[in-house]
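Student: Line by line, the protein sequences give chains A and B.
For the first sequence, the residue numbers in the working numbering are 1 to 259.
For the second sequence, the residue numbers in the working numbering are 1 to 310.
We treat Cβ as the ideally placed atom computed from N, Cα and C, and that holds for glycine.
Source: prediction; values computed, not measured.
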Amino acid sequence: MGFTLFYLSAVVLIPLAALALRSAELSLSDFWRLATTNQAPAAFRLTFGASFIAAVLNAVFGTLLAWVLTRYEFPGRRLLDALVDFPFALPTAVAGLTLANLFAPNGWLGQFLVPLGIKGAYSQLGVVIALTFTGLPFMVRTLQPVIENIETEVEEAAATLGAGRGRVFVSILAPMLFPPMLTGFALSFGRAIGEYGSVVFISGNLTGKTEIAPMLVVKRLEAYDYPGAMALAVILLVVSFVLLALINTLERWTRRFER
Amino acid sequence: MSGPVHRQWGRSTRKSTRGADESPWIRRLLIGIALLFCGVFLLLPLANVFAQAFSDGLAAFGGAIISPDTVAAIRLTLLVAAITVPLNLVFGVAAAWAIARFDFRGKALLITLIDLPFSISPVVAGLIYVLLFGLQGYFGEWLDAHDIQIIFAVPGIVLATLFVTLPFVARELIPLMQAQGSEPEQAALTLGASGWQTFWHVTLPSVKWALLYGVILCNSRAMGEYGAVSVVSGHITGRTDTLPLRIDKLYNDLQGSSQGSAAFAVATLLTLLALLTLLLKTFLEWRQQREHDRAQTVNSDQNQDSSPDA
């Protein structure tokens with residue numbers, strides 16, 4: 001018990017307190033100035049925008065994937081199921097490296113996509129691609145247990161009573177799937193906000209265009225602009241806290257069906 | 001914020017699915033989309049790593065792996081994992097023990113705090129250590145006066161890795177130990193076992209698979225962490241470059257002298273680690289599920305045995 005608290009404070013609490021104290025030295029107007037100038041607005045816009053799009057993409061494809069993996073039998077299902085965790089297990093640097101290469105003009109996908117005007121590497125689209133990749137497992141793994149627990153009897157009953165499959169989906173499945181989808185969305189969004197490794201490789205870090213907020217933190221640090229880096233870090237931190245609280249609430253809401 | 005949730009094995013056999021099935025065409029369409037999506041998004045990146053790594057031939061691949069700077073990076077990565085994984089293992093067991101066995105105020109807060117490193121951006125994790133131990137940080141002057149270097153040196157890398165991998169073992173153990181309850185341990189204690197004996201012979205065996213699971217995930221993250229380490233390491237080739245940082249350097253060096261395949265050659269090492277992690281993870285999940293199923297069969301057998309008497 002004592003050891004737990006000691007270790008936790010040494011590794012987590014004291015460093016976090018340092019950040020809080022140091023940023024408290026900044027006056028509010030200074031803080032505001034640092035957080036809203038020098039590419040910061042563009043970086044935040046890109047971070048939140050790209051994370052949102054990535055989370056939406058994950059909500060669509062992740063739900064579909066979770067459904068297919070739990071409900072259907074087909075050759076290669078087990079393999080696919082194991083592979084879903086691949087983005088989670090793969091170090092982000094490697095993910096960024098290989099994605100950047102895939103979508104580069106001479107890459108496997110890029111050679112077909114770039115002539116069509118779809119530029120996946122060194123563009124804002126690249127940021128979305130990387131964030132979708134890293135967020136996918138969170139969505140699928142949140143939904144899978146929920147889909148497994150849905151009792152098919154309910155769907156059968158509805159079908160017996162004359163409801164078509166579409167009606168069953170809208171009236172029965174969708175309301176059950178919605179809360180875990182939101183949880184998965186928040187998890188994937190939260191992960192995307194803080195993501196750094198994979199994006200660095202694929203975005204090209206063009207100032208003001210493809211530069212995400214964590215990248216700007218690093219850049220300011222490297223220029224020894226500590227207050228500037230801290231201001232951005234505090235905002236990122238607050239957003240993660242809010243998301244964490246939101247996810248906990250959502251999980252309680254999801255479990256309201258389990259009794 | 002957790003890592004992906006456990007998968008459950010072998011639950012796909014259902015009694016009747018009449019009325020709960022899509023028409024074959026929709027089913028085929030959905031499976032097709034899923035396969036296509038996974039093929040493009042998961043398989044292709046994986047295959048690409050290996051294809052690019054060997055694109056300049058076997059000799060170039062070997063050369064990139066055994067270059068002294070890469071070997072130094074491998075050594076550093078192994079060292080960092082060897083320090084952080086055991087520390088977080090001990091912490092995880094202690095924290096799970098405290099949370100599952102004792103009641104105290106602020107328990108929910110403690111669990112949230114343990115989860116925190118998951119939700120913080122790795123860059124911010126690196127930054128907070130720079131604020132503490134960097135030259136302009138709180139302990140910066142004192143450390144400088146005593147000639148101790150933490151930031152831009154190995155201790156900083158260890159600390160940052162310690163931070164980002166802290167939740168893995170604890171997260172796996174807490175729900176399991178909470179679910180299991182403390183009856184077996186209390187029985188052992190009543191029968192005269194000491195605290196340590198109880199821990200070694202009762203507690204530890206009952207959570208060993210979950211423990212291993214946590215350690216594997218923890219290790220995978222420790223070896224692959226990029227963001228946090230990148231902030232504190234200082235990128236000194238051959239000295240503070242871990243494997244992910246080495247990949248970064250080789251990649252950005254592309255325009256210069258090194259061959260394009262070098263970054264990918266080093267990346268294959270981490271990719272193999274990821275695949276190994278997945279394999280072990282799948283095996284452990286299967287194992288846990290089997291033990292769970294067996295326990296349930298035993299239970300239902302007992303129920304059946306006792307039912308005629310009732």
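Mind the definition here: the stretch 193–211 of chain B touches the stretch 146–166 of chain B only if three or more C-beta pairs lie below 8 angstroms; say whether that holds.
Tutor: At 8 angstroms Cβ cutoff, the stretches do not touch.
Student: If we ignore side chains and look at the alpha-carbon of each, how far apart do serine 23 of chain A and alanine 228 of chain B end up?
Tutor: Going by the C-alpha atoms only, they are around 19 angstroms apart.
Student: Please list, in chain order, all residues of the same chain as leucine 127 of chain B whose beta carbon is under 8 angstroms from its beta carbon, the five residues on each side excluded.
Tutor: So the list reads Val231, once near-sequence residues are dropped.
Student: For chain B, check one thing: does any of its Cβ atoms lie closer than 9 angstroms to the Cβ of tyrosine 122 of chain A?
Tutor: Cβ-Cβ to chain B under 9 angstroms: no for tyrosine 122 of chain A.
Student: Using 8 angstroms for Cβ pairs, my map puts leucine 166 of chain B next to valine 11 of chain A. What's the rounded Cβ distance?
Tutor: Right, the Cβ-Cβ distance comes to about 6 angstroms (below 8 angstroms), so this counts as a contact.
Student: Any idea if leucine 143 of chain A is buried or exposed, counting beta-carbon neighbours within 10 angstroms, 16 or more meaning buried?
Tutor: By the 10 Å Cβ count, leucine 143 of chain A comes out buried.
Student: What are the residues of the stretch 129–151 of chain B that lie near chain A, defined by any Cβ-Cβ distance shorter than 7 angstroms?
Tutor: Listed by position along the chain: Tyr129, Val130, Leu131, Leu132, Gln136 and Tyr138.
Student: Terminal residues of the continuous alpha helix (DSSP H) containing glutamine 149 of chain B?
Tutor: Element bounds for glutamine 149 of chain B: n/a, residue is neither H nor E.
Student: Check distances from the C-beta atoms of the stretch 17–29 of chain A to those of chain B and list, in chain order, the residues that come in under 7 angstroms.
Tutor: Residues passing the 7 angstroms Cβ filter: Ala18, Leu19 and Arg22.
Student: Please state the DSSP three-state secondary structure of serine 123 of chain A.
Tutor: Correct three-state label for serine 123 of chain A: coil.
Student: State the DSSP-derived secondary structure class of glutamate 225 of chain B, mapped to helix, strand or coil.
Tutor: Reduced to three states, the DSSP call for glutamate 225 of chain B is coil.
Student: Quick check on tyrosine 226 of chain B - is its C-beta less than 9 angstroms from some C-beta in chain A?
Tutor: True, the Cβ-Cβ gap to chain A drops below 9 angstroms.
Student: Quick one: grab the DSSP three-state call for aspartate 81 of chain A.
Tutor: Residue state, collapsed to three classes: helix.
Student: Looking only at its chain, what residues have a beta carbon closer than 7 angstroms to the beta carbon of alanine 95 of chain B, apart from the 5 residues adjacent to it on each side?
Tutor: Ile114 and Ala170, listed in sequence order.
Student: What span of residues does the alpha helix (DSSP H) with alanine 179 of chain B cover, start to end?
Tutor: Counting along the chain, the alpha helix (DSSP H) containing alanine 179 of chain B begins and ends at 167–180.
Student: Give me the subset of the stretch 43–70 of chain B whose CB atoms are less than 9 angstroms from a CB atom of chain A, sorted by chain position.
Tutor: Answer set for the stretch 43–70 of chain B: Leu43, Leu44, Pro45, Leu46, Ala47, Asn48, Val49, Ala51 and Gln52.
Student: Do tyrosine 226 of chain A and glutamine 136 of chain B have their C-beta atoms closer together than 9 angstroms?
Tutor: Contact flag set, yes.
Student: Round the Cβ separation of threonine 134 of chain A and proline 91 of chain A to the nearest angstrom and send it over; I've been treating them as touching at under 8 angstroms.
Tutor: 11 angstroms between Cβ atoms; not a contact.
Student: Once DSSP output is grouped into helix, strand and coil, what is the label at threonine 63 of chain A?
Tutor: Correct three-state label for threonine 63 of chain A: helix.
Student: Starting from the N-terminal side, write out each stretch of the alpha helix (DSSP H) that is 4 residues or longer and does not extend beyond the stretch 267–305 of chain B.
Tutor: Fully enclosed alpha helix (DSSP H) runs of 4 or longer: not present.
Student: For asparagine 124 of chain A, tell me which candidate among A:Leu236, A:Ile202, A:Leu97 and A:Asp30 has the shortest Cα-Cα distance.
Tutor: With the sequence shown as reference, residue 124 of chain A is identified as glutamine, and asparagine is not the correct amino acid for it. Closest by alpha carbon: A:Ile202.
Student: With a threshold of 9 angstroms between beta carbons, is methionine 181 of chain A in contact with chain B?
Tutor: For methionine 181 of chain A, the answer is no, since every Cβ of chain B falls outside 9 angstroms of its Cβ.
Student: In the DSSP assignment, the alpha helix (DSSP H) including asparagine 252 of chain B goes from what residue to what residue?
Tutor: That run of the alpha helix (DSSP H) goes 243–252.
Student: Pull up the CB-CB distance for threonine 277 of chain B and serine 220 of chain B, whole angstroms please, since I reckon it's below 8 angstroms.
Tutor: About 4 angstroms; that satisfies the 8 angstroms criterion.
Student: Please identify the residue among B:Val266, B:Asp241 and B:Ser182 whose C-alpha is closest to the C-alpha of alanine 64 of chain B.
Tutor: When only C-alpha atoms are compared, the closest one is B:Val266.
Student: Can you tell which of A:Asp81, A:Ala40, A:Leu116 and A:Ala20 has its C-alpha closest to the C-alpha of proline 145 of chain A?
Tutor: Of the candidates A:Asp81, A:Ala40, A:Leu116 and A:Ala20, the one whose C-alpha sits nearest the C-alpha of proline 145 of chain A is A:Asp81.
Student: Chain D beta carbons: is any one of them nearer than 9 angstroms to that of tyrosine 251 of chain B?
Tutor: Of the protein chains in the structure, A and B, none is chain D.
Student: List the endpoints of the continuous alpha helix (DSSP H) containing leucine 43 of chain B.
Tutor: Neither: leucine 43 of chain B is in no alpha helix (DSSP H) and is coded neither H nor E.
Student: Would a check of beta-carbon distances place asparagine 101 of chain A closer than 9 angstroms to chain B?
Tutor: Answer yes: the Cβ-Cβ gap between asparagine 101 of chain A and chain B drops below 9 angstroms somewhere.
Student: For chain A, find out if any of its Cβ atoms is closer than 9 angstroms to the Cβ of threonine 277 of chain B; answer yes or no.
Tutor: For threonine 277 of chain B, the answer is yes, since a Cβ of chain A falls inside 9 angstroms of its Cβ.
Student: Please report the residue range of the alpha helix (DSSP H) in which tryptophan 253 of chain A lies.
Tutor: Where tryptophan 253 of chain A is concerned, the enclosing alpha helix (DSSP H) stretches over 226–254.
Student: Does the beta-carbon distance from glycine 190 of chain A to methionine 139 of chain A come in below 9 angstroms?
Tutor: The answer is no: Cβ separation not under 9 angstroms.
Student: Do we get a CB-CB distance below 9 angstroms when we pair arginine 27 of chain B with the residues of chain A?
Tutor: Interface residue, yes.
Student: Determine contact between the stretch 230–239 of chain A and the stretch 169–176 of chain A, defined as no fewer than three beta-carbon pairs at a distance below 8 angstroms.
Tutor: Output reads no: the stretch 169–176 of chain A does not touch the stretch 230–239 of chain A.
Student: Using the Cα positions of serine 257 of chain B and threonine 268 of chain B, report the straight-line distance between them to the nearest angstrom.
Tutor: At serine 257 of chain B the pLDDT is 48, less than 50, meaning the model places this residue with poor confidence; the figure from the coordinates comes in the next sentence. Using only the alpha carbons, I get a separation of about 21 angstroms.
Student: From isoleucine 150 of chain B to glycine 234 of chain B, what distance separates their C-alpha atoms?
Tutor: For isoleucine 150 of chain B and glycine 234 of chain B, the distance between alpha carbons rounds to 11 angstroms.
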